[in-house]
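Take a look at the structure set out below.
Residue numbers (the working numbering): 350 to 538.
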């Protein structure tokens with residue numbers, strides 16, 4: 350098992366491995382239990398190490414790890430809100446438009462549906478996209494990450510990361526489309 354006594358030891362070991370994305374230090378607070386240092390690559394080793402430990406120790410380590418993961422997700426969402434203003438509003442507008450479309454289509458699925466009124470769209474997504482261009486660029490890049498094509502997915506993933514880092518959204522989208530065009534022409538020819 351890759352066990353380390355200090356965070357510095359784990360970081361030095363992690364510096365040689367590209368696949369380690371995070372290092373967590375867990376002190377479960379159970380008497381007689383040392384710290385656990387979890388790296389992304391040694392989650393299985395941690396499970397093996399905890400296999401024959403007392404249940405209270407297992408629950409403590411797993412609970413703390415889950416809390417740390419939840420904190421990281423919350424921190425990432427807060428950072429995304431700062432770097433991409435208006436993202437929640439634009440997503441809400443897009444979801445409302447989709448709801449309106451589905452409701453309109455479902456009116457014709459049954460005999461009496463055509464008489465029902467459908468609640469109109471509260472905010473037009475195009476107006477929201479004009480108001481929040483960074484969020485619109487982020488959603489476009491996020492949409493590209495849902496592609497089955499490796500080149501398109503890769504271009505979208507890079508663009509999302511660059512927008513999250515605070516780069517100019519117009520340049521990022523232009524680079525994303527240029528990367529996709531070059532990939533597509535290279536693989537078609």
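Where a beta carbon is used, it is the ideal one built from N, C-alpha and C, also for glycine.
Quiz item: Which same chain residues, not among the five before or five after residue 472, have their C-beta less than 6 Å away from its C-beta?
Solution: Taken in chain order, the residues that qualify are 442.
Quiz prompt | Cβ pair residue 446, residue 470 closer than 8 Å | solution = Their beta carbons are under 8 Å apart, which means residue 446 touches residue 470 by this criterion.
Self-check item: Opening and closing residue of the alpha helix (DSSP H) in which residue 489 lies
Solution: Counting along the chain, the alpha helix (DSSP H) containing residue 489 begins and ends at 482 to 493.
Exercise. Pick helix, strand or coil for residue 471, following the three-state DSSP scheme.
Key: In the structure shown, residue 471 sits in coil (DSSP, three-state: anything other than H, G, I, E or B).
Self-check item: Assigned exposure category for residue 492 - 16 Cβ within 10 Å defines buried
Solution: The residue is exposed, with fewer than 16 neighbouring Cβ atoms inside 10 Å.
Self-check item: Host alpha helix (DSSP H) of residue 507 (start-end)
Solution: First-last of the alpha helix (DSSP H) with residue 507: 499 to 513.
Quiz item: What is the DSSP secondary structure of residue 408, counted as helix, strand or coil?
Solution: Helix at residue 408.
Self-check item: Residue burial classification, residue 572 (beta-carbon count within 10 angstroms, cutoff 16)
Solution: Here the chain has residues from 350 to 538 only, and residue 572 is not among them.
Quiz item: To the nearest angstrom, how far is it from the Cα of residue 485 to the Cα of residue 502?
Solution: Distance from the CA atom of residue 485 to the CA atom of residue 502, rounded to whole angstroms, is 17 Å.
Quiz prompt | Rounded C-alpha distance that separates residue 425 from residue 450 | solution = Within the model, the alpha-carbon separation for residue 425 versus residue 450 is close to 32 Å.
Quiz prompt | Selected residue, minimal CA-CA separation from residue 483, among 519, 403 and 422 | solution = Checking every option, the nearest Cα to that of residue 483 belongs to 519.
Quiz item: If you draw a straight line from the C-alpha of residue 402 to the C-alpha of residue 411, how long is it?
Solution: Taking the straight line joining both Cα atoms gives about 12 Å.
Quiz item: What residue range is occupied by the uninterrupted alpha helix (DSSP H) comprising residue 535?
Solution: In the DSSP assignment, residue 535 falls within the alpha helix (DSSP H) that extends over 518 to 537.
Self-check item: Cβ-based neighbour list, residue 489, same chain, cut-off 7 Å, excluding 5 preceding and 5 following
Solution: Answer for residue 489: 522, listed in chain order.
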